[in-house]
Amino acid sequence: MHIALLANAAWLDEELTSLRQLVVGVIDEHATLTQVVPDSLPQDDTSSFANRLDWSPTRWAFINHRRIAALHPQLADAKVDLIHALDGRLWEPALRIAKQLDLPALFSASSAFDLKTAARIADRLRPDADAVTAATEPLHRALRQRIPEPIPVHHVPTGVHKLDPSPRPTDRPLCAVVTGSGKHDAHTQALLEALARIVRREPQAQFFFDGQTDDQHRIWQAAEQLQLLGHISLVPRRLGNRELFLRTDALIMPQPLGKARSLTLQAMARGLPVIATEDPWLDYLIDGQTAWTVATAEPTGWHDRIARLIDEPQAAAALGDTARQWVTQNRPATQQIDTLLNLYRRYTGQTLPIDG
Numbered sequence: 001m002h003i004a005l006l007a008n009a010a011w012l013d014e015e016l017t018s019l020r021q022l023v024v025g026v027i028d029e030h031a032t033l034t035q036v037v038p039d040s041l042p043q044d045d046t047s048s049f050a051n052r053l054d055w056s057p058t059r060w061a062f063i064n065h066r067r068i069a070a071l072h073p074q075l076a077d078a079k080v081d082l083i084h085a086l087d088g089r090l091w092e093p094a095l096r097i098a099k100q101l102d103l104p105a106l107f108s109a110s111s112a113f114d115l116k117t118a119a120r121i122a123d124r125l126r127p128d129a130d131a132v133t134a135a136t137e138p139l140h141r142a143l144r145q146r147i148p149e150p151i152p153v154h155h156v157p158t159g160v161h162k163l164d165p166s167p168r169p170t171d172r173p174l175c176a177v178v179t180g181s182g183k184h185d186a187h188t189q190a191l192l193e194a195l196a197r198i199v200r201r202e203p204q205a206q207f208f209f210d211g212q213t214d215d216q217h218r219i220w221q222a223a224e225q226l227q228l229l230g231h232i233s234l235v236p237r238r239l240g241n242r243e244l245f246l247r248t249d250a251l252i253m254p255q256p257l258g259k260a261r262s263l264t265l266q267a268m269a270r271g272l273p274v275i276a277t278e279d280p281w282l283d284y285l286i287d288g289q290t291a292w293t294v295a296t297a298e299p300t301g302w303h304d305r306i307a308r309l310i311d312e313p314q315a316a317a318a319l320g321d322t323a324r325q326w327v328t329q330n331r332p333a334t335q336q337i338d339t340l341l342n343l344y345r346r347y348t349g350q351t352l353p354i355d356g
């Protein structure tokens, strides 16, 4: 069984750990793997035990699709058995390659934005060869409504490995990561106004803003107006930097992105308190159990929950503990990998292993 995994820079920037987990899981099952990745991905971030095919990304999606699809001769020579597009933005070239080589294909969805792509290509999917996977149950239901019934739609939740807990020392000032789209909007503004109130009472508190865009100038301007520049750091986008964010005291998610992110699950697995805006697409944000959620984009809700991190360290630690237990039980990486391996075997026709 030879699987080709298609990834792009946007997905890898979020899910490099997920790629590594899947690669190890596939190789452990004595399968062959080809990683089809952007040429900007460092060699150290891919497995030396798997094949690698590079493509050169551009700003234009249609050019990227063409360049990926042009790799079909190399994939044919490698005798690939199945194409797996790990991001919705790669479904189009994955489908082209699969049809050119007459191979089955899996199309993974982790974002509400993938629903438009699903509706657009639904009538081109092959009932006997193609299948779609959804990272959350709400996405699973929505995809089932957009994709004709003969096409299988599988719920394959994003999983993470169990991590060592990271309790916050009570004598240390709060240090938290703010992660989202990286854009300045009503949600970000509400959070900044709440932080301005927090630092007046906790002048040593520090907040690191995860840069998802190249231009963070508007956030910088808003922070300057609120006299927050001494308390925030704008972290530029760098591949793999999200693992470093797990060493902070809390994860703050001001925007409802409608996108499943392993970073959030990893924070929960480490026992970090998560504060997030309610998001109907994410079934793992459970108020009071896995996160403290905020319903609307207004400063008071953010202030109250962040202040609770400081004023009630035992409650924050308890939230981290319950989130860690929930993720361990409901989102293990082994479950995701086993489900995908079974799908690979099913659609390539490989015999399922039988336990002795």
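Taking the numbering used here, I'd label the letters of the sequence shown as residues 1 to 356. Cβ atoms here follow ideal geometry from the backbone N, Cα and C, with glycine treated the same way.
Residue i - containing beta strand (DSSP E), residue span
| i | result |
| --- | --- |
| Leu357 | The first residue shown for the chain is 1 and the last is 356, placing residue 357 beyond what the model contains. |
| Gln206 | Gln206 to Asp210 |
| Arg96 | Note, Arg96: premise wrong, no beta strand (DSSP E); alpha helix (DSSP H) at Trp91 to Leu101. |
| Met253 | Ala250 to Met253 |
| Asp54 | Asn51 to Trp55 |
| Ile3 | His2 to Leu6 |
| His84 | Leu82 to Ala85 |
| Leu234 | Ile232 to Val235 |
| Thr58 | Counting along the chain, Thr58 falls outside any beta strand (DSSP E), and DSSP gives it neither H nor E. |
Straight-line Cα distance separating residue j from residue i
| i | j | result |
| --- | --- | --- |
| Ser56 | Ala7 | 12 Å |
| Ile97 | Glu29 | 25 Å |
| Thr34 | Ala109 | 20 Å |
| Ala131 | Ala196 | 48 Å |
| Pro280 | Asp77 | 44 Å |
| Ala291 | Ala317 | 11 Å |
| Leu257 | Thr179 | 10 Å |
| Thr17 | Ser262 | 8 Å |
| Asp87 | Trp60 | 16 Å |
| Ile354 | Thr58 | Unreliable positioning characterises Ile354 in this predicted model, as indicated by a pLDDT of 49, which lies under 50. The coordinate reading is nonetheless provided below. Straight-line Cα distance between these residues: approximately 45 Å. |
| Gly356 | Met1 | With a pLDDT of 44 at Gly356, under the threshold of 50, the predicted position of this residue should be treated as unreliable, and no value is reported. |
| Leu272 | Arg308 | 14 Å |
| Gly25 | Leu125 | 27 Å |
| Arg346 | Pro104 | 10 Å |
| Leu265 | Pro157 | 11 Å |
| Phe49 | Leu101 | 24 Å |
Within-8 Å CB hit, residue i to chain C
| i | result |
| --- | --- |
| Thr248 | Protein chain content of the structure displayed is limited to a single chain, and chain C is not contained in it. |
Run of the alpha helix (DSSP H) containing residue i, from where it starts to where it stops
| i | result |
| --- | --- |
| Ala316 | Pro313 to Asn330 |
| Val24 | Ala9 to Asp28 |
| Phe62 | Ala61 to Ala69 |
| Ser111 | Note, Ser111: premise wrong, no alpha helix (DSSP H); not H, not E. |
| Ser262 | Ser262 to Ala269 |
| Trp292 | It is not in any alpha helix (DSSP H) - Trp292 instead sits in the beta strand (DSSP E) that spans Trp292 to Val294. |
| Leu246 | Counting along the chain, Leu246 falls outside any alpha helix (DSSP H), and DSSP gives it neither H nor E. |
Contact under 8 Å by Cβ, residue i with residue j
| i | j | result |
| --- | --- | --- |
| Ser47 | Ile68 | no |
| Phe252 | Val199 | Rather than Phe, the amino acid found at residue 252 in this sequence is Ile. No. Outside cutoff. |
| Gly182 | Ala333 | no |
| Val36 | Leu82 | no |
| Phe107 | Ala94 | yes |
| Arg146 | Leu115 | yes |
| Pro173 | Ala205 | yes |
| Lys162 | Thr328 | yes |
Residue i Cβ short of 7 Å to the ligand GTP heavy atom set
| i | result |
| --- | --- |
| Gln335 | Ligands displayed in this structure: none; no statement on the ligand GTP is therefore possible. |
Hey, is the segment 294-305 in contact with the segment 176-193, meaning 3+ C-beta pairs nearer than 8 Å?
Enough Cβ pairs lie closer than 8 Å, so yes.
Would you be able to state if there are at least three C-beta pairs under 8 Å between the segment 216-229 and the segment 122-137?
As far as the Cβ criterion goes, the segment 122-137 does not touch the segment 216-229, which means the pair count is below three.
In chain order, each beta strand (DSSP E) run of at least 3 residues that lies wholly inside the segment 133-212:
Counting whole runs of 3 or more residues, the segment 133-212 contains the beta strand (DSSP E) stretches 153-155, 175-178 and 206-210.
Would you check if the segment 310-328 and the segment 138-154 touch, i.e. whether three or more CB-CB distances between them fall below 8 Å?
With a cut-off of 8 Å, the segment 310-328 and the segment 138-154 do not count as touching, because too few Cβ pairs lie within range.
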